[in-house]
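Structure first, then comments.
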Amino acid sequence: EPEVTQTPSHQVTQMGQEVILRCVPISNHLYFYWYRQILGQKVEFLVSFYNNEISEKSEIFDDQFSVERPDGSNFTLKIRSTKLEDSAMYFCASIGTEETQYFGPGTRLLVL
Amino acid sequence: AQSVTQLGSHVSVSEGALVLLRCNYSSSVPPYLFWYVQYPNQGLQLLLKYTSAATLVKGINGFEAEFKKSETSFHLTKPSAHMSDAAEYFCAVSFGGYNTDKLIFGTGTRLQVFP
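Written as structure tokens, this is what we have:
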């Protein structure tokens with residue numbers, strides 16, 4: 043069964059460093075999303091992406107964040123200068139024709 | 003304002019007992035409704051969804067949910083809990099009226115199952 047994959051599964055970084063989280067959506071999907079879940083809190087929408095541009099972004103998705111689809115398979119989330127409060131689990135999701143967002147297993151980011 | 007509310011951050015049941023996890027939403031347009039399950043240290047797995055077809059929706063692992071427009075609810079049930087059902091359950095809603103809209107999640111309900 044096709045699935046969304048994410049790398050790395052865990053990332054530890056120093057405050058102020060740049061991180062890139064990678065996702066490979068399901069191959070025939072066209073809409074892509076990033077969500078995050080701070081430990082013990084609910085899952086929050088960050089950004090949606092379609093046709094090589096951002097469709098919608100939340101208040102969380104400020105200038106420190108960017109997304110890119112550098113090739114036909116990867117979908118990346120970049121945080122330019124990480125802050126302590128960026129520590130969270132980041133989920134990628136994609137949607138096809140089934141009206142359902144399929145989520146990846148997540149990347150746990152820890153900013154020290 | 004559009005919102006999703008899950009009543010009860012923790013629910014405990016005995017194995018074999020009925021599971022009832024509550025979800026209410028606030029919206030002026032018919033939403034798309036979803037339940038996802040998250041096992042420890044894992045991602046989000048879709049349990050079931052409502053997208054304007056039958057109001058009683060059956061999902062995986064014996065779970066089902068009923069969309070009640072008059073009550074703006076989408077409660078998740080399972081007749082008989084199993085130890086393997088212990089996990090965190092999230093109700094999620096797409097308010098935009100289209101299937102590619104972002105999901106708004108509830109705060110989650112952690113289900114514990116005792117032998």
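Chain order of the listed sequences is A and B. For the numbering used here, count along the first sequence from 1 and bump the result up by 42. For the numbering used here, count along the second sequence from 1 and bump the result up by 2. No residue lacks a Cβ here, since even glycine has one placed at the ideal position from N, Cα and C.
| Item | Value |
| --- | --- |
| Check each residue of the segment 121 to 136 of chain A: if its Cβ is closer than 7 Å to any Cβ of chain B, include it; give the result in chain order. | F133 |
| Flag this pair as yes or no: are the beta carbons of V13 of chain B and L113 of chain B separated by less than 8 Å? | yes |
| Looking at the strands, I want to know which residues DSSP matches up with I62 of chain A. | A:K120 |
| For the segment 50 to 76 of chain A, enumerate the residues whose C-beta is nearer than 8 Å to any C-beta of chain B, in chain order. | Y73, Y75 |
| Answer with yes or no whether the minimum CB distance from F91 of chain A to chain B is below 8 Å. | no |
| Could you give the first and the last residue of the continuous beta strand (DSSP E) run that contains K60 of chain B? | 58 to 60 |
| According to the neighbour-count rule (16 or more other Cβ atoms, all chains shown, within 10 Å of its Cβ), is P67 of chain A buried or exposed? | buried |
| Could you work out which residue in A:G114, A:D128, A:R150 is closest to F107 of chain A when comparing CA atoms only? | A:D128 |
| Got a sec? Which residues, its chain only, sit under 6 Å from I62 of chain A by beta carbon, not counting five neighbours each side? | T118, K120 |
| Where does P50 of chain A land, buried or exposed, given buried means 16+ other C-beta within 10 angstroms? | exposed |
| Let's test the definition: count the other Cβ atoms within 10 Å of the Cβ of Q4 of chain B and tell me whether it reaches 16, buried, or not, exposed. | exposed |
| Compute the distance between the beta-carbons of K84 of chain A and F107 of chain B, then report whether it is under 8 Å. | yes |
| Determine the chain B residues that contact E98 of chain A at a beta-carbon separation under 7 Å, and present them in chain order. | K104 |
| CB T74 of chain B to CB N26 of chain B, shorter than 8 Å? | yes |
| Please say whether L35 of chain B and T79 of chain B have beta carbons closer to each other than 8 Å? | no |
| When you compare the CB of L58 of chain B with every CB in chain A, is at least one pair closer than 8 Å? | no |
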